[in-house]
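Peer 1: Encoded as structure tokens, here's the structure I'll be asking about.
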């Protein structure tokens with residue numbers, strides 16, 4: 326017999342189809358066999374397992390499209406296994422991992438290694454990005470066709486911008502021939518070199534080396550011009566300023582194949598949250614002004630911003646507990662992604678369905694994934710959560726190997742109860 330799981334008494338929310346009703350869902354052989362209101366509470370003879378959802382939200386599993394791990398090369402910070410534990414606890418069923426490892430993921434054999442390693446150790450789906458340039462040096466582009474054939478879902482230099490416009494133009498042109506997605510990091514590398522804060526009164530008061538916020542929009546506008554020239558699909562992994570948002574909105578209005586994401590911390594924190602030199606809130610790009618943070622939230626609500634990401638970047642205590650200017654940038658975020666994103670719907674800025682769209686249907690559409698929806702035949706990647714349950718973020722309770730969370734002590738509403746990948750339960754609270 327094929328394995329069957331019946332979810333009853335759920336609030337089904339599926340942004341891909343517009344579904345938001347009381348109902349149930351049936352899983353068979355790792356895929357969704359049926360879904361809808363008629364399955365709300367009628368048991369079926371063949372159900373060996375019934376999950377009573379108790380009226381909680383049952384939605385497609387989240388897709389996090391910006392995750393840094395330490396494997397291979399720095400497993401002491403985060404391995405694929407530990408990252409997947411954190412992902413499952415946060416309702417994330419697919420994570421797109423960046424190629425910034427040691428060695429860099431710039432060869433087909435390394436993509437294959439990452440996929441094999443994930444299959445052996447990870448609880449959730451691991452989707453590798455390959456480097457856009459060899460060694461992430463921004464000089465020679467990689468073999469995009471072979472890397473895509475090996476299983477790379479997109480091409481990027483991660484948290485490094487390609488300063489040489491000629492190199493990026495050639496890479497975009499080459500990627501366009503394979504309909505490959507390129508992910509850009511939007512920071513002018515010369516302007517932001519050595520900076521640890523956003524230029525302005527607050528950085529001046531703290532005496533921190535800072536860079537102007539316009540360094541982001543400058544690269545966004547340049548890259549959009551190269552998209553016009555090449556016709557390639559370009560995704561900005563994360564933006565953080567109103568100026569960049571305006572440029573992307575204009576590009577979309579012209580019909581260019583441009584999309585973008587925003588991190589959960591740039592949606593919910595501003596530069597003042599750095600407070601007394603809190604290095605766990607040192608991120609890249611740095612936290613922005615309240616006006617920019619509000620613009621990011623509005624960008625999500627209007628649909629200009631397509632996805633919300635965790636920008637999960639684990640760091641060890643030795644690199645974080647240093648003077649602010651010397652500390653490494655980055656925060657863990659897989660477990661807090663959903664709750665931080667839900668602050669938009671709790672605040673009345675947009676609906677629950679729209680928030681979930683940026684975490685499910687949006688990423689699936691951009692990356693060409695079969696997940697991110699509650700539909701017959703789709704993989705049974707699911708998250709069951711209580712959108713109103715409050716909790717306080719405590720670093721010692723996180724499943725990630727690293728504990729550098731920017732949200733330490735913050736209270737959110739939205740607790741994941743269970744997570745399923747391919748019909749298998751990979752997380753259950755308690």
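Residue numbers (this note's numbering): 326 to 755. Each residue gets a CB set at the ideal place from its N, CA and C atoms; glycine is no exception.
#1: Find the nearest neighbour of residue 699 within the set 345, 334, 329 and 328, judged by alpha-carbon distance.
#2: Go ahead and label residue 326 buried or exposed: buried means 16 or more other beta carbons lie within 10 angstroms of its beta carbon, across all protein chains shown.
#3: In the structure shown, what three-state DSSP assignment does residue 588 receive?
#4: For the structure I just gave you, are there three or more beta carbon pairs, one from the segment 611–619 and one from the segment 582–594, closer than 8 angstroms?
#5: In the structure shown, what three-state DSSP assignment does residue 466 receive?
#6: Please report how far the alpha carbon of residue 363 lies from the alpha carbon of residue 419, in whole angstroms.
#7: Could you check the C-alpha separation between residue 494 and residue 543 for me, to the nearest Å?
#8: Spatial neighbours of residue 547 within its chain, please: C-beta separation below 6 angstroms, excluding the five flanking residues on both sides.
#9: Compare the beta carbon distance of residue 661 and residue 737 with 8 angstroms and say whether it is the shorter of the two.
#10: In the structure shown, what three-state DSSP assignment does residue 637 receive?
#11: Please return the same chain residues whose Cβ sits closer than 8 angstroms to the Cβ of residue 702, not counting the five positions on each side in sequence.
#12: Am I right that residue 341 and residue 712 are in contact with their C-beta atoms under 8 angstroms? What's the rounded C-beta distance?
#13: DSSP on residue 382, reduced to helix/strand/coil?
#14: Do you know how far the Cα of residue 719 is from the Cα of residue 734?
#15: I'd like the list of long-range same chain contacts for residue 484, defined as Cβ closer than 7 angstroms, with 5 residues on each side in sequence excluded.
#16: Using DSSP's beta-bridge definition, name the partner residues of residue 737.
#17: Contact between the segment 386–405 and the segment 433–453 is defined here as three or more beta-carbon pairs at a separation below 8 angstroms; is this criterion met?
#18: Considering Cα atoms alone, identify which of 628, 380, 639 and 348 is closest to residue 400.
#19: Does the beta-carbon of residue 576 have 16 or more other beta-carbons within 10 angstroms, so that it is buried, or is it exposed?
#20: So the candidates are 755, 731, 715 and 688; which of them puts its Cα closest to the Cα of residue 391?
#21: For the alpha helix (DSSP H) containing residue 552, list its first residue and its last residue.
#22: Look up residue 423 in the DSSP assignment and say whether it is helix, strand or coil.
#23: Between the segment 666–674 and the segment 328–337, are three or more C-beta pairs nearer than 8 angstroms?
#24: Confirm, please, whether the CB-CB distance from residue 539 to residue 587 is below 8 angstroms.
#25: So does residue 437 have its beta carbon nearer than 7 angstroms to some heavy atom of the ligand COA?
#26: Looking only at DSSP bridge pairs, what is residue 329 linked to?
#27: Residue 464 and residue 507 - do their beta-carbons sit closer together than 8 angstroms?
#28: Go through its chain and collect everything with a Cβ distance to residue 280's Cβ below 6 angstroms, but skip five positions before and after it.
#29: How would you label residue 651, buried or exposed, when you count the other beta carbons within 10 angstroms and need 16 or more for buried?
#30: At 3 residues or longer, and completely inside the segment 637–690: list those beta strand (DSSP E) runs for me, N to C.
#31: Tell me, please, which residues DSSP counts as bridged to residue 453.
#32: Alpha carbon to alpha carbon, how far is residue 728 from residue 721? Give it in angstroms, no decimals.
#33: Judging by CA-CA distance, which residue of 500, 374 and 475 is the nearest neighbour of residue 554?
#34: Assign residue 309 to buried or exposed, taking buried as 16 or more other Cβ atoms, counted over all protein chains shown, within 10 Å of its Cβ.
Peer 2: In terms of the structure at hand:
#1: As a working mapping, residue 699 is identified with position 374 in the chain shown. The option with the nearest alpha carbon to residue 699 is 345.
#2: Against the chain shown, residue 326 aligns to sequence position 1. Because residue 326 carries a pLDDT of 38, less than 50, the predicted location of this residue cannot be relied on, and no value is offered for it.
#3: By 1-based counting over the chain shown, the position of residue 588 is 263. Residue 588: strand per DSSP, three-state reduction.
#4: When Cβ pairs closer than 8 angstroms are counted between the two stretches, the segment 611–619 is seen to touch the segment 582–594, the count reaching three or more.
#5: Within the chain shown, residue 466 is the residue found at index 141, counting from 1. In the three-state reduction of the DSSP assignment, residue 466 falls in the strand class, which pools E and B.
#6: Here the question's residue 363 lines up with position 38 in the chain shown. Here the question's residue 419 lines up with position 94 in the chain shown. Between the alpha carbons of residue 363 and residue 419 lies a distance of about 29 angstroms.
#7: Working through the chain shown from its first residue, we reach residue 494 at position 169. Working through the chain shown from its first residue, we reach residue 543 at position 218. Between residue 494 and residue 543, the C-alpha separation is close to 16 angstroms.
#8: Here residue 547 corresponds to residue number 222 of the chain shown, with the count starting at 1. The answer is none, since no qualifying residue turns up.
#9: Counted from its first residue, the chain shown places residue 661 at position 336. Counted from its first residue, the chain shown places residue 737 at position 412. Residue 661 is a Cβ neighbour of residue 737, given a cutoff of 8 angstroms.
#10: On the chain shown, position 312 is the one that residue 637 refers to. Note: residue 637 maps to strand in three-state DSSP.
#11: As a first step, residue 702 is located in the chain shown; it is residue number 377 there, counting from the start. So the qualifying residues of the chain are 356 and 357.
#12: Start at 1 with the first residue of the chain shown, and residue 341 comes out as number 16. Start at 1 with the first residue of the chain shown, and residue 712 comes out as number 387. About 19 angstroms; that fails the 8 angstroms criterion.
#13: The count along the chain shown starts at 1 and reaches residue 382 at position 57. It is a strand residue.
#14: The count along the chain shown starts at 1 and reaches residue 734 at position 409. The count along the chain shown starts at 1 and reaches residue 719 at position 394. Cα to Cα, the separation comes out at about 6 angstroms.
#15: Numbered from its first residue, the chain shown carries residue 484 at position 159. So the qualifying residues of the chain are 425, 510 and 609.
#16: Reading the chain shown from its first residue, position 412 is the one you call residue 737. Bridge pairing for residue 737: 716 [DSSP].
#17: By the Cβ test, the segment 386–405 is in contact with the segment 433–453, since at least three Cβ pairs between them sit closer than 8 angstroms.
#18: The count along the chain shown starts at 1 and reaches residue 400 at position 75. It is 639.
#19: If you number the chain shown from 1, residue 576 lands on position 251. By the 10 Å Cβ count, residue 576 comes out buried.
#20: Counting from one through the chain shown, the residue named residue 391 turns up at place 66. Closest in C-alpha terms to residue 391, from the list 755, 731, 715 and 688, comes 688.
#21: Translated into positions along the chain shown, residue 552 becomes position 227. 539–555 is the span of the alpha helix (DSSP H), which, as asked, contains residue 552.
#22: As a working mapping, residue 423 is identified with position 98 in the chain shown. Looking at residue 423 - three-state DSSP - the assignment turns out to be coil, as it is neither helix nor strand.
#23: Because the criterion of three Cβ pairs below 8 angstroms is not met, the segment 666–674 and the segment 328–337 do not touch.
#24: In the chain shown, counting from the first residue as 1, residue 587 sits at position 262. In the chain shown, counting from the first residue as 1, residue 539 sits at position 214. With a cutoff of 8 angstroms on beta-carbon distance, residue 587 and residue 539 are scored as not near each other.
#25: Of ligands this structure carries none, so the ligand COA is not represented either.
#26: Here residue 329 refers to the residue found at position 4 of the chain shown. Partner(s): 353.
#27: Along the chain shown, one-based indexing puts residue 507 at 182. Along the chain shown, one-based indexing puts residue 464 at 139. Not closer than 8 angstroms, so no.
#28: In the structure as shown, the chain starts at 326 and stops at 755, and residue 280 therefore has no counterpart that could be examined.
#29: Start at 1 with the first residue of the chain shown, and residue 651 comes out as number 326. A residue is called buried once 16 or more other Cβ atoms fall within 10 Å of its Cβ, and residue 651, having fewer, is exposed.
#30: Fully enclosed beta strand (DSSP E) runs of 3 or longer: not present.
#31: Position 128 of the chain shown, counted from the start, is the residue given in the question as residue 453. In the DSSP secondary-structure assignment, residue 453 is bridged to 422.
#32: To locate residue 721, count along the chain shown from 1; it is residue 396. To locate residue 728, count along the chain shown from 1; it is residue 403. Computed Cα separation, rounded: 7 angstroms.
#33: Taking the first residue of the chain shown as position 1, residue 554 is located at position 229. Selection 500, 374 and 475 evaluated against residue 554 yields 500 as nearest (Cα-Cα).
#34: The first residue shown for the chain is 326 and the last is 755, placing residue 309 beyond what the model contains.
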